[in-house]
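J.:
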Amino acid sequence: INVSQDAYKLGASSFNQTLNTIGNEAPDVTNASYVKKTFNTIQKLIKADKIKAGHDIASGGFITTLLEMCFADVNLGADFNISELNEEDTIKVLFSENAGIVFQADASVEAAFEEMGITAFKIGTANNSGTVTIKNNEEAFSFDVTEMRDVWYQTSFLLDSKQTANGLAQDRFDNYKKQPLTYTFPKNFKGNLPKISAKASKPKAAIIREKGSNSEREMAN
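Per the numbering used here, residue 1 is the first one in the sequence shown, and the count goes up by one each step.
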């Protein structure tokens, strides 16, 4: 979903930054009401267990979102066809940072979006190939997920190397991509935050809030 409802523009993007340029036009949100409507619809679908996975489109653009969604598991891959987005310039559609959402769901969600007047494109299917393929009209690209994931993780590894002794950073770098995505919730887990009384005694704690962290919920409590 292109939540911005704007054309694909490269101004102020990470892609332009690699070219040492800013650009002339940056994407904007053209209709705040559309953002609200899209957000609320997605939330309802999540509560109804209709959304299996999702990712925002932000820094790095569309291509970063597609790859990061495949980084979570060992052999996860996907085949994408973005021709229906009606942008012939593949660089623009892959690297523009228009506000948007990519999510995994079955066809049953289409009716919900149509009812709310939200334009959602079906762009592909997930698989276990370990490869991401992208087709835009006559252009086609293929990316090895393991290779791209190592490039993506490299900066974290270099920082980890400066903070961790005894070669443990290298061990993590060698093994992180081999860990399958498996988890088990306790039977009584509901996913709801506990009710917190303003009168109850609370521990005193300091919370570090940094770019890339999601500590707003802890800070609210």
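Cβ coordinates follow ideal geometry from the N, Cα and C atoms, glycine included.
Note that this is a predicted model, so its numbers are computed, not measured.
1) Indicate whether the contact test is met: 3 or more Cβ pairs, each with one atom in the region 65–74 and one in the region 140–148, closer than 8 angstroms.
2) Mind checking whether N264 and G23 have CB atoms under 8 angstroms apart?
3) Does DSSP put F62 in a helix, in a strand, or in coil?
4) Of all the beta strand (DSSP E) runs that stay within the bounds of the region 90–147, which reach a length of 3 or more residues?
5) If you drop the 5 nearest sequence neighbours on each side, which residues of the same chain put their C-beta closer than 8 angstroms to that of P27?
6) Please state whether DSSP places F15 in a helix, a strand or coil.
7) Measure the alpha-carbon distance for K162 versus L168 and round it to whole angstroms.
8) Which residue marks the beginning of the alpha helix (DSSP H) containing D174, and which one marks its end?
9) Can you grab the Cα-Cα spacing for the pair L67 / K47, in whole Å?
10) What would DSSP say about N81, mapped onto helix, strand or coil?
11) Using the C-alpha atoms, what's the distance from L193 back to K253?
12) Please determine, among T133, G117 and I63, the residue with the shortest C-alpha to C-alpha distance to V102.
13) Should V151 be labelled buried (16 or more other beta-carbon atoms within 10 Å of its own) or exposed?
14) Taking the alpha carbon of K122 as the point to measure from, which residue in Q154, K177, T18 and A78 has its own alpha carbon closest?
15) In the DSSP output, which residue or residues are listed as bridge partners for A53?
T.: In terms of the structure at hand:
1) yes
2) As displayed, the chain neither begins before 1 nor continues past 221, which places residue 264 out of reach and without an answer.
3) helix
4) 100–105, 124–127, 131–136 and 139–144
5) S4, D6, A7, Y8, K9, G11, S96, E97, N98 and A99
6) helix
7) 11 angstroms
8) L168 to N175
9) 26 angstroms
10) strand
11) Coverage of the chain is limited to positions 1 through 221, which leaves residue 253 absent and any answer about it impossible.
12) I63
13) exposed
14) A78
15) Q104
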